[in-house]
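Student:
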Amino acid sequence: MNRPSLYFRDEHELFRQSVRQFIDNEVVPHTDAWETARRIPLSIFQRMGQLGYLGLPFPEEYGGVNADFWYSVVFLEELARCGMGGFATAVSVHEYMAINHIARVGSTDLKQRYLQPAIAGEKVAALAITEPDAGSDVSAIRTTAIRTDAGDAYIVNGTKTFISNGTYGDFVTLVVKTGSPTERTGAGTHPISLLVVDLDSPGITRTKLNKIGWHSSDTAEIRFDDVRVPVANLIGQENRGFYYLMESLQLERLVAAVMAVSGAQLALDWTLQYLNEREAFGKKIGTFQAIRHQIANIATEIEMARQFVYHTCWLFTQGDVIVKECSMAKLATSELQKRVVDTCLQFFGGYGYMEDYPIARAYRDVRVGTIAGGSSEIMREIIAKIVIDAVAYKPVYQSK
Ligand SMILES: Cc1cc2nc3c(=O)[nH]c(=O)nc-3n(C[C@H](O)[C@H](O)[C@H](O)COP(=O)(O)OP(=O)(O)OC[C@H]3O[C@@H](n4cnc5c(N)ncnc54)[C@H](O)[C@@H]3O)c2cc1C
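Under UniProt numbering, the first residue of the sequence shown carries the number 1, and numbering increases by one thereafter.
#1: Identify which residue in Arg9, Leu266 and Phe288 has its Cα closest to the Cα of alanine 299.
#2: Please return the same chain residues whose Cβ sits closer than 8 Å to the Cβ of arginine 306, not counting the five positions on each side in sequence.
#3: Any chance the CB of isoleucine 163 is under 6 Å from a heavy atom of ligand 1?
#4: Mind listing, in chain order, the continuous beta strand (DSSP E) runs of no fewer than 3 residues lying wholly within the segment 207 to 241?
#5: Using only CA atoms, which one of Gln318, Glu238 and Ser216 lies nearest to isoleucine 40?
#6: For serine 375, collect the residues of the same chain with a Cβ closer than 7 Å to its Cβ; drop the 5 residues on either side in sequence, then sort them by chain order.
#7: Quick one: is the Cβ of tryptophan 214 within less than 6 Å of any heavy atom of ligand 1?
#8: Taking 6 Å as the cut-off, is the CB of isoleucine 129 close to at least one heavy atom of ligand 1?
#9: Please list, in chain order, all residues of the same chain as proline 57 whose beta carbon is under 6 Å from its beta carbon, the five residues on each side excluded.
#10: Does the distance from the C-beta atom of valine 383 to that of methionine 328 stay below 7 Å?
#11: Verify whether the separation of the beta carbon atoms of alanine 145 and alanine 125 is less than 7 Å.
#12: From the DSSP output, in three-state form, read off leucine 336 for me.
#13: Using only the alpha-carbon positions, how far apart do phenylalanine 15 and valine 196 sit?
#14: Around the Cβ of residue 410, are there at least 16 other Cβ atoms within 10 angstroms (buried) or fewer (exposed)?
#15: Pick from His94, Glu238 and Phe171: whose alpha carbon is nearest that of arginine 206?
#16: Excluding sequence positions up to five away, which residues of its chain have a Cβ less than 7 Å from the Cβ of tryptophan 70?
#17: When burial is assigned at 16 or more other CB atoms within 10 Å of the CB, is arginine 3 buried or exposed?
#18: Please state the DSSP three-state secondary structure of leucine 6.
#19: In chain order, what residues of the same chain lie with their CB nearer than 6 Å to the CB of lysine 400, ignoring the 5 residues before and after it?
#20: Rounded C-beta distance between phenylalanine 347 and tyrosine 357? I'm assuming under 8 Å.
#21: Taking C-alpha atoms, which residue in Asp218, Asn239, Ile102 and Val227 lies nearest to valine 156?
#22: Are three or more beta carbon pairs between the segment 228 to 245 and the segment 34 to 50 nearer than 8 Å?
In structure tokens form, the structure reads like this:
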């Protein structure tokens, strides 16, 4: 029996059942094929578009569902339960990171040309912040977008790396340096803007990268050589990109946290089943106290993490600036998931190390959780600034 929830109503639970059915029937059976191909097909984006899954938080005007945030939480939890970190990443990056800025501050024209087809699953989106020499320190990016003399376009030069959906995606929300030459190079200045760039534009070279996990998501290095981008593809205001990014990173971290808790729960669920099947010394291994106590610890930590993440989601729905909570949620849950998967794999013994067992894939996939989307060290830096130095953050989308 489901307990009453502070957050989810019956409609959310019905939605959960339909997403779970979709994942079980239309995603999980393709795990081996997609992991081997190192990509997921466009057809699965299109299918999710038809089902409305890619437009949950977006306005109906552009084909979205305009559903409350708890539908997104349900969707992300179930997405993570597919047991394929790569698939979950490809979809969550597309919906909650790459097109989010267009939805929030993009022009009507950009929404029609990019948001609408992305919601329909007809175009796949990427978000490109990281560069070979600038990851954690976003202000150090070097990719430039210089206005042409006629002023109707930018010329983009630079390289982005580790970009999810970058190899097969259709467009990218690209983070670039704009501003004057002194502003672009000056220490501590952030003349950063966001542009939508078609990934088949002349001057773009994409190289697929090999990863130790997240195999079904494609990850690319993308080079931009004199790529011409119409000024109409600027998202929001020029030189406000840094602030847009800083605010949206909160959602990105919350999304990661929701999926990390769900992924940890999935690993626990697989393990509970195995403890009940596997025997050693004439007993089910789930009867050994050494294992039982570790399982009790894990179950407790997952439950506590889940409640903190739900609380943070609730704060998010109130429109609060929750840099501290989102950073804590990302830090705690990505570290937790890593520990949980490692401990669970131990209880599978040698089988845990075999590719036939999903826990082996989870072990590979989980490693990147404490690195991508803001590393644990960076989360601790942010939290320390708030807790120790009393740094305060204000909302930026609304401010001019
Ligand atoms: C599989 C994968 C997918 C990704 N997808 C995307 C994507 O779609 N789009 C995108 O833009 N990026 C993406 N990334 C990039 C990811 O967000 C970065 O890798 C991450 O932000 C870290 O940056 P970096 O790799 O340059 O590490 P660096 O910034 O070079 O950091 C190296 C080490 O130093 C530590 N460090 C750095 N600064 C500090 C500090 N001030 N104090 C203490 N320690 C510090 C870091 O925590 C890390 O341990 C992806 C990465 C991976 C691996």
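For each residue, glycine too, the CB sits at the ideal point set by N, CA and C.
Remember, predicted model here, so these are calculated numbers, not experimental data.
Tutor: The answer reads as follows:
#1: Comparing Cα-Cα distances from alanine 299 to each of Arg9, Leu266 and Phe288, the minimum goes to Leu266.
#2: Hits under 8 Å: Val261 and Gln265.
#3: Yes, the Cβ of isoleucine 163 comes within 6 Å of a heavy atom of ligand 1.
#4: Counting only runs of 3 or more, we get 219 to 230.
#5: When the alpha-carbon of isoleucine 40 is set against those of Gln318, Glu238 and Ser216, the nearest one is in Ser216.
#6: Around serine 375, the same chain offers Ser136 as residues with beta carbons nearer than 7 Å, after the five sequence neighbours per side are excluded.
#7: Result yes, Cβ under 6 Å from ligand 1.
#8: Isoleucine 129 has its Cβ nearer than 6 Å to a heavy atom of ligand 1.
#9: So the list reads Ser72, once near-sequence residues are dropped.
#10: At residue 383 the sequence reads isoleucine, which differs from the valine that was named. Yes; because the gap between Cβ atoms is below 7 Å, this pair is in contact.
#11: In this structure, alanine 125 does not lie closer than 7 Å to alanine 145 by Cβ.
#12: Helix, per DSSP.
#13: Across the structure, phenylalanine 15 and valine 196 are spaced so that their CA atoms are roughly 32 Å apart.
#14: Here the chain has residues from 1 to 400 only, and residue 410 is not among them.
#15: For arginine 206, the nearest C-alpha among the options comes from Phe171.
#16: Within the same chain, tryptophan 70 has close Cβ partners Tyr7, Phe8 and His12.
#17: Arginine 3 should be labelled exposed.
#18: Note: leucine 6 maps to coil in three-state DSSP.
#19: Summary for lysine 400: the model assigns pLDDT 37, below 50, so the residue's position carries little reliability, and this model does not support an answer.
#20: Contact check for phenylalanine 347 and tyrosine 357: beta-carbon distance about 11 Å, past the 8 Å limit, so the pair fails to qualify.
#21: Out of Asp218, Asn239, Ile102 and Val227, Val227 has the C-alpha closest to the C-alpha of valine 156.
#22: Verdict: no, contact absent.
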